[in-house]
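**Student:** In this note's numbering, the protein residues as written are 828 to 1258. We treat Cβ as the ideally placed atom computed from N, Cα and C, and that holds for glycine. Next up is a structure, given as structure tokens.
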Ligand SMILES: *Cc1c(COP(=O)(O)O)cnc(C)c1O
């Protein structure tokens, strides 16, 4: 007898080409069909529940089917579902841009909307090069990114991404940009790694600063590289070096933004204001695709002209979608009303004894935390560790998706301490 689950996964494999997946893997490892979500849990068609410990790919903040976000969306749905943002405007787009400007590092008062993280990165890269062209410096068109960087999968974003498995097939399509050392890698403690990487950046800019448009970084945590964490002092040094060499700083806070690293934005911990701040993922609480690039008066002014071609003519059909902006406004309301950043800090402190249980496990190494992200490596000789662990975790009703041998927790902020303990129990049973 086939269950509803079996039917959905057979139909999905026949018709849906799934992301980030070698589809043949699903001959052995079944897809997980999801019927509904509630809080930190996803529920399949047979009623089996999975604890969503990766926030559905790092996007969910306040749980699935959150009543407050749902209510805001219902109201918006009855008012305006969408209107084009070129030549028109609407309350959700205006209110969100205003509120983001008050919350982001001071001086980022102009929001350009797009739909996904990668499209925000494309926008920041294009804006930077176009800025220098408008300012009479067309030779500034190279980008610098960190070793192990991840900025998305469209061609421009992939060109500044340093993850071989995502890049290699498309190498000929990607521009030649420079890789500088990561502050999250190498010997020594966090401050030594930070200083060494900053020295590497200084050397690079001393030679190539003239042709460099921008440095792009993931502040504090290189997510896709395996939750590699680094010290805020690197960001301060990089920001100063960029200013010194006339190079833009693009902060890709697509993953780190909205409280993930313990502050609303990771840049706050370094006291820096980038020239471009890329936001997405948690911005709508995991409800709808939306991204924004926040930038300065200086950048805005370089495009403001009688000449149409000096303007930033980039667009996406759903730019500034009212439903997505309304979800984002509901998310910001929750941050304010529940003092979420402080509540998260308290939750992370309360969970120290649970982390100690992990640290005591003989095959768990390098346990680290940044805000609401925990990560560690599991010593294992299995070549298929990530896939194996994923399957074992699902068998224990937990959704965890290791990157190589790195296991990480990036749960929705509404996770309870009991649920966190369940997560730790599952890991200890598997590892
Ligand atoms: C996820 C991510 C992106 C890409 O965002 P998409 O919405 O998947 O296109 C870019 N940069 C970082 C740091 C990310 O984590």
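1) How about residue 974 and residue 995: do their beta carbons lie closer than 7 Å?
2) Using 6 Å as the cut-off, classify the Cβ of residue 909 as near or not near the heavy atoms of ligand 1, replying yes or no.
3) Quick check on the DSSP output: what are the complete alpha helix (DSSP H) runs of length 4 or more inside the region 876-933, in order along the chain?
4) How is residue 1040 classed by DSSP in three states: helix, strand or coil?
5) Would you call the region 936-956 in contact with the region 1099-1109, where contact means no fewer than 3 C-beta pairs closer than 8 Å?
6) What is the DSSP secondary structure of residue 1244, counted as helix, strand or coil?
7) Using a Cβ-based criterion (distance less than 6 Å to any ligand heavy atom), does residue 1187 qualify as near ligand 1?
8) Cβ of residue 850 within 6 Å of any heavy atom in ligand 1?
9) Within 6 Å: the Cβ of residue 1081 and any heavy atom of ligand 1?
10) Enumerate, from N- to C-terminal direction, the unbroken alpha helix (DSSP H) stretches of 4 or more residues contained entirely within the region 1051-1093.
11) Quick one, are the C-beta atoms of residue 1167 and residue 880 less than 7 Å apart?
12) With distance defined between alpha-carbon atoms, name the residue in 1076, 1244, 1183 and 1227 nearest to residue 882.
13) Please look up how many angstroms separate the CB atoms of residue 1077 and residue 1041, rounded, as I've assumed it's under 8 Å.
14) Starting from the C-beta of residue 922, find all residues in its chain whose C-beta is less than 8 Å away, skip the five residues before and the five after it, and write them out in chain order.
15) Is residue 848 helix, strand or coil by DSSP?
16) Assess contact between the region 903-915 and the region 1061-1073, defined as three or more Cβ pairs (one per stretch) separated by less than 8 Å. Is contact present?
17) How do the region 1054-1062 and the region 1004-1020 stand: do at least 3 beta-carbon pairs fall below 8 Å, yes or no?
18) Cβ-heavy atom distance between residue 945 and ligand 1 below 6 Å?
19) Quick one: Cα of residue 993 to Cα of residue 985, how far?
**Tutor:** For this structure:
1) Cβ atoms of residue 974 and residue 995: not closer than 7 Å.
2) In this structure, the C-beta of residue 909 stays at least 6 Å away from each heavy atom of ligand 1.
3) You should have 882-885, 894-904 and 918-930.
4) Three-state DSSP puts residue 1040 in a strand.
5) By the C-beta criterion, the region 936-956 is judged to be in contact with the region 1099-1109, since at least 3 inter-stretch pairs fall below 8 Å.
6) In the three-state reduction of the DSSP assignment, residue 1244 falls in the helix class.
7) It does not: the Cβ of residue 1187 is nowhere closer than 6 Å to a heavy atom of ligand 1.
8) Taken from the Cβ of residue 850, every heavy atom of ligand 1 lies 6 Å or farther away.
9) It does: the Cβ of residue 1081 is within 6 Å (strictly closer) of some heavy atom of ligand 1.
10) Complete alpha helix (DSSP H) runs here, min 4: 1059-1072.
11) Not in contact: residue 1167 and residue 880 (Cβ atoms no closer than 7 Å).
12) Taking only the C-alpha atoms, the option nearest residue 882 is 1227.
13) Between residue 1041 and residue 1077 the Cβ distance is about 5 Å, and since that is below 8 Å, they are a contact.
14) Only 1152 and 1156 meet the Cβ criterion.
15) Note: residue 848 maps to coil in three-state DSSP.
16) A contact between stretches requires three or more CB pairs, one per stretch, nearer than 8 Å, and the region 903-915 fails this requirement with the region 1061-1073.
17) Verdict: yes, contact present.
18) Checking the Cβ of residue 945 against ligand 1 gives yes.
19) Using only the alpha carbons, I get a separation of about 8 Å.
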